[in-house]
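Structure, as structure tokens:
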Amino acid sequence: MVAIPQQQIIAQLAAGDIGHTAQKGLALEHVVNQTLGLFSGITLIHKNAIDVAGSCEIDLILSNNQHPDGLPFLPFYLVVECKNWQAPVDTATVRAFTSKLRMMRMKFGLLVAANGITGDANDHTACHAHIRDEFNRDELILLVVTRAELEALTCTEDFGALLKLKLGQFLMNMAHF
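Each residue of the sequence shown is one higher than the one before, counting from 10 in the working numbering.
See below:
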């Protein structure tokens, strides 16, 4: 278990809030990279990676060596999109991210959306409907973490538990019993 510098994270995000849109996004990317980097076995591979054609940008690509004290329940590559928006992230934006994941042949993505995503998780509306469709079609898992959840973390154990809970909820919400 490693302590997460909660006050530093809150201060970094607040500093980003007073900047322009790009600064807000970079502040969230930095905090997410910094926080995930505290886990044993997690290493940054690319930040703001652009594909060869110049048509696809990914905020963070991390490797996960699945260390027992890290995130062994998540895949080797962690592709992360960060959206530090005032409003919930819309379906078109989530669709663009899941399209990038499919192009990369990835089955897992992490969306850090400051104010969540549109729709209702229980009724599978808006973004939630798209995420369910992606899982049903390609078994793609997309977990969403909010800024409030990120700011509340005090240690890597808390973050790991949050991701496990979200993964479990995701799988139960997608299951057809």
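Even for Gly, the Cβ is constructed at its ideal location relative to N, Cα and C.
Computed from a predicted model, the values in this text were never measured in an experiment.
Residue i versus residue j - alpha carbon distance
i: D132; j: K175; result: 17 Å
i: E38; j: V154; result: 13 Å
i: V40; j: I140; result: 25 Å
i: I59; j: G28; result: 24 Å
i: G63; j: M113; result: 14 Å
i: F186; j: D78; result: Because F186 sits at a pLDDT of 48, beneath the cut-off of 50, its placement in the model cannot be relied upon, and the following sentence gives the value as read from the coordinates. In a straight line, the C-alpha of F186 is about 33 Å away from that of D78.
i: A138; j: V11; result: 36 Å
i: A135; j: M183; result: 15 Å
i: E160; j: R146; result: 33 Å
i: F48; j: K33; result: 24 Å
i: Q15; j: T102; result: 28 Å
Proximity below 8 Å, CB of residue i to CB of residue j
i: E25; j: L35; result: Residue 25 is actually Gly in this sequence, not Glu. Against a cut-off of 8 Å, the Cβ pair of L35 and G25 comes out as a contact.
i: L149; j: R104; result: no
i: Q95; j: N124; result: yes
i: F106; j: L120; result: yes
i: T44; j: I70; result: no
i: G50; j: Q17; result: no
i: V98; j: I126; result: yes
i: F179; j: L162; result: no
i: E90; j: G118; result: yes
i: E158; j: L171; result: yes
In DSSP terms, what residue i is bridged to
i: H55; result: I70
i: L120; result: E90, V153
i: V98; result: I126
i: C164; result: A12
Integer-rounded CB distance, given that residue j should sit under 8 Å from residue i
i: K92; j: A122; result: 5 Å
i: G169; j: L80; result: 6 Å
i: C65; j: K109; result: 5 Å
Check: Between the stretch 16 to 32 and the stretch 53 to 71, are three or more C-beta pairs nearer than 8 Å?
Finding: These segments do not touch.
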